[in-house]
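2 protein chains.
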Amino acid sequence: MAAPGFLFGAMASVGDVTPQQMHFSEPLPLKGGSALRDYTLVYETYGTLNAQRSNAVLVCHALNASHHVAGTYAGQERSEGWWDNLVGPGKPLDTDRFFVIGVNNPGSCFGSTGPMHANPDTGRLYGADFPVVTVEDWVDAQARLVERLGITQLAAVLGGSLGGMQALAWTLRYPQRLRHCVAVATAPNLSAQNIAFNEVARRAIISDPDFHGGHYAAHGAIPKRGLRVARMIGHITYLSDDSMEEKFGRELRAAELGYSTQDVDFQIESYLRHQGDKFSEYFDANTYLLITRALDYFDPAREFGGDLSRAFAAARDTRFLLVSFTTDWRFSPARSRELVKALVDNRVDVSYAEIAAPHGHDAFLLEDPRYHGVMRATFERIAREAEGAAHV
Amino acid sequence: MAAPGFLFGAMASVGDVTPQQMHFSEPLPLKGGSALRDYTLVYETYGTLNAQRSNAVLVCHALNASHHVAGTYAGQERSEGWWDNLVGPGKPLDTDRFFVIGVNNPGSCFGSTGPMHANPDTGRLYGADFPVVTVEDWVDAQARLVERLGITQLAAVLGGSLGGMQALAWTLRYPQRLRHCVAVATAPNLSAQNIAFNEVARRAIISDPDFHGGHYAAHGAIPKRGLRVARMIGHITYLSDDSMEEKFGRELRAAELGYSTQDVDFQIESYLRHQGDKFSEYFDANTYLLITRALDYFDPAREFGGDLSRAFAAARDTRFLLVSFTTDWRFSPARSRELVKALVDNRVDVSYAEIAAPHGHDAFLLEDPRYHGVMRATFERIAREAEGAAHV
């Protein structure tokens, strides 16, 4: 499935990495009206910031990921970052040339302040009281981190799926603070069907008796049943019909049908149950609700009466690469084309690659040679430009 | 959405109808190895069986339907049968010319023997002990009913979705007992993605603490939470992305976003919750498991090493109409085309209509003029033939 590494010459991992923390005591005002009074962001960096501070790339994460974009944790097997195939020395986003920042968003369950942390106002765990955070709130938090790292302008902001929405929001909110936006497998907003899948997943979690209105930690409970079902639903939407058919088809676990309604007969059932079980062991239910809600709410055209072209007028100075995958039915190529149109309407510099890939939405995390070729070429140009700026 | 009735001339309902029951004391052997020792089928009929008994049409139901195909129940508002727009005097399946039979399948929760009835072996409710029934088992049960009604050969067997699978199974199992098979929005088997959606729905039900391993009735409980989630998932797959977008889009319930993860913001959320709530009030959880399993298991090519053409060699004497809908992503046109190919390989008389309709899988239940036009023309031919047989 993955392209052989030698196609791209020698490639290595960024090696062992260590997450860092930055604390912010100035409140972060949130789109929903409240504020995050006091918070910590966990982040990682790879590569070296050049003297001109012109080579920084921010990588934004999607639903089920974190600041751990690349590299490994010392002594932990299989601890590769979630985009390790893309980010590293000699890789498309080359850490020999770029200073790459991965940051965990507030509300997540991977280290940055979230529902599993104490609410400074009460001293008790936030749980369901963690405020609803939006893509724009995350971008604001990221902008503060970037500023603290002494970076005035990012060479690029990169993200896939929900991460792509953050990259888009950067261009509207901080157009002077980035030169390039690379948004992969994303959309200008969720469709009714997208929201519907999120809502079913949330219902599964909320109606789990162990959810306790979101204060399950206070009850010593974890709504694992709901998390399992939520993940199974999500997982179906990440894969294409065809790739599921190719990988599992109607293959049975045993030689014969079991004639049971409760046991596993088909390999696809076994696979989905396994995915659900794994997920329910490490993911936080309140975080799942928060992140799916941030997805639902993202809609930059909303303030412009639904006119996406008007919304992207703010992005005139950014150069864009958009990438979509033909079999992605969660965020289909048609959704990326809506973005391309809005950018072209504003005479924005935009490149668009529609990659024929069989893997559905998950393709953005995989090592497809055409996809990685486009990414490599784009970051090559961005690197030369950043190095040019360094020589000015 | 529905075509105006006057396009097709005067159309009326079959009027008030009364379900009937037939008891079978001869055990029904099941594909899974066990048997249904003693069972009752609930059915309805519309129209009159002609003297030659040549004008009978059997209508098979899908997941969420029953024997109540057409007409109303006296004194009950909104009690129209689930295919009332198709079946009635002057309608495409014209009850002035045909004797139409609707039958509820064993394992269902609408009257025929199912998990909510007593197991004659124990005197206790079947619950989770109701044996796994297959499409073929249902067809066997239907064949006995048809025989008891004194009908040697049906003019046609008609069904949509899972009902279409039953119509197909008739042609393989009882090729001499029907002349026509009309299978709408169906498939030769479920894809991995289809099975995956069924499995998530089942997991939601089985992991509901009120499920009690399927013996919830004995515990005075009903796994409504699981049923709600199951129905919401199913419902998403019945509608097309486009029709959901057109009907709901990103429309909000209130004027502004609520900034809540647990409350309803979008109309689509409200709609899905309502569908889930309604369903959980009347549908039985064990029946949901049984019927989705029957869907999973249907696979006539399996005994022929996956060769669908070999499987349909048995159907040589039946004439087929297959209908699919362009936006049906549950049972897409490609799946119907697989069936057409298998039939053509056997030089079987098959007509195929691929209807450009926006409503997804649900289109088979709606009154699309092109769709109903094809059905009307087909049943007109079948009626003439049946009437010709009557004059011989």
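Those sequence lines, one after another, are chains A and B.
Each residue of the first sequence is one higher than the last, beginning at 1 in the working numbering.
Each residue of the second sequence is one higher than the last, beginning at 1001 in the working numbering.
Think of the CB as a built atom: it goes at the ideal place given N, C-alpha and C, for glycine as much as any other residue.
Out of curiosity, what's the CA-to-CA distance linking residue i and residue j?
i                 : j                 : result
Arg384 (chain A)  : Gly33 (chain A)   : 42 Å
Met1232 (chain B) : Ala1183 (chain B) : 26 Å
Asp1038 (chain B) : Tyr288 (chain A)  : 48 Å
Met165 (chain A)  : Asp1208 (chain B) : 35 Å
Glu77 (chain A)   : His1067 (chain B) : 58 Å
Ile236 (chain A)  : Ile195 (chain A)  : 15 Å
Val332 (chain A)  : Tyr371 (chain A)  : Checking the sequence, you will find Ser at residue 332 (chain A) rather than Val. Using only the alpha carbons, I get a separation of about 16 Å.
Ala62 (chain A)   : Ala285 (chain A)  : 16 Å
Phe99 (chain A)   : Ser1243 (chain B) : 45 Å
Thr1292 (chain B) : Ala1334 (chain B) : 21 Å
Gly1015 (chain B) : Gly1047 (chain B) : 11 Å
Val133 (chain A)  : Thr318 (chain A)  : 25 Å
Tyr352 (chain A)  : Arg202 (chain A)  : 33 Å
Cys1181 (chain B) : Cys109 (chain A)  : 55 Å
Ile355 (chain A)  : Leu322 (chain A)  : 11 Å
Leu290 (chain A)  : Thr186 (chain A)  : 19 Å
Pro29 (chain A)   : Leu1295 (chain B) : 51 Å
Trp1329 (chain B) : Asp241 (chain A)  : 10 Å
Pro106 (chain A)  : Leu145 (chain A)  : 12 Å
Asn50 (chain A)   : Glu147 (chain A)  : 15 Å
Thr327 (chain A)  : Leu158 (chain A)  : 21 Å
Leu1190 (chain B) : Arg250 (chain A)  : 8 Å
Ser415 (chain A)  : Gln275 (chain A)  : Outside the shown range of chain A, which is 1 to 392, sits residue 415 (chain A), and nothing can be said about it.
Val1350 (chain B) : Glu1044 (chain B) : 29 Å
Glu1281 (chain B) : Pro1358 (chain B) : 29 Å
Residue i by DSSP, collapsed to three states: which one?
i                 : result
Thr1318 (chain B) : coil
His180 (chain A)  : strand
Pro29 (chain A)   : strand
Val1264 (chain B) : coil
Gly81 (chain A)   : coil
Ala118 (chain A)  : strand
Asp1242 (chain B) : helix
Gly1163 (chain B) : helix
Ala254 (chain A)  : coil
Ile206 (chain A)  : helix
Tyr1073 (chain B) : coil
Leu343 (chain A)  : helix
Leu1125 (chain B) : strand
Tyr288 (chain A)  : helix
Ser191 (chain A)  : coil
Ala1062 (chain B) : coil
Trp1329 (chain B) : coil
Here's a check: name, in chain order, each residue in its chain whose Cβ is nearer than 7 Å to the Cβ of residue i, leaving out the five neighbours to either side.
i                 : result
Asp1129 (chain B) : Asn1119
Gly213 (chain A)  : Ala128
Asp362 (chain A)  : Tyr238, Leu239
Pro1092 (chain B) : Leu1086, His1372, Met1375, Arg1376, Phe1379
Return the Cβ separation of residue i and residue j in integer angstroms, given the expectation that the two are a contact with Cβ distance under 8 Å.
i                 : j                 : result
Phe1320 (chain B) : Leu1343 (chain B) : 6 Å
Glu1136 (chain B) : Arg1179 (chain B) : In fact, because the Cβ distance is near 20 Å, the residues do not count as touching under 8 Å.
Ile1151 (chain B) : Ala192 (chain A)  : Actually they are not in contact, since the Cβ atoms of Ile1151 (chain B) and Ala192 (chain A) sit about 46 Å apart, beyond 8 Å.
Arg1177 (chain B) : Gln1142 (chain B) : With a Cβ gap of about 10 Å, Arg1177 (chain B) and Gln1142 (chain B) do not count as contacting.
Asn1104 (chain B) : Leu1041 (chain B) : 7 Å
Asn55 (chain A)   : Arg97 (chain A)   : 6 Å
Leu1257 (chain B) : Asp1265 (chain B) : 6 Å
Val17 (chain A)   : Gly71 (chain A)   : 4 Å
In the DSSP assignment, what residue or residues form a beta bridge with residue i?
i                 : result
Tyr1039 (chain B) : B:Phe1024
Asp1094 (chain B) : B:Gly1088
Ala156 (chain A)  : A:Val57, A:His180
Ala1353 (chain B) : B:Val1323
Tyr46 (chain A)   : A:Val100
Asp1016 (chain B) : B:Thr1072
With a CB to CB cut of under 8 Å and the five nearest residues on each side skipped, what residues in its chain are close to residue i?
i                 : result
Asp1210 (chain B) : Tyr1216, His1219, Ala1221, Ile1222, Pro1223, Lys1224, Arg1225, Gly1226
Leu308 (chain A)  : Pro188, Pro300, Ala301, Glu338, Leu339, Lys341, Ala342
Ala12 (chain A)   : Gly88, Pro89, Gly90
Arg1346 (chain B) : The question names Arg, but residue 1346 (chain B) in the sequence shown is Asn. Only Ser1309, Phe1312, Ala1313, Ala1315, Arg1316 meet the Cβ criterion.
By Cβ distance, which residues of its chain are closer than 6 Å to residue i, with the 5 residues on each side in sequence left out?
i                 : result
Val1069 (chain B) : Val1059, Gly1081, Trp1083, Val1087, Gly1102
Val1229 (chain B) : Ala1204
Ala169 (chain A)  : Val135, Glu136, Val139
Ser336 (chain A)  : Leu322, Ser324
* To do: With 9 Å as the C-beta to C-beta threshold (strictly closer), list the residues of the segment 13-41 of chain A near chain C in chain order.
  => Of the chains in the structure shown, none is chain C; the protein chains are A and B.
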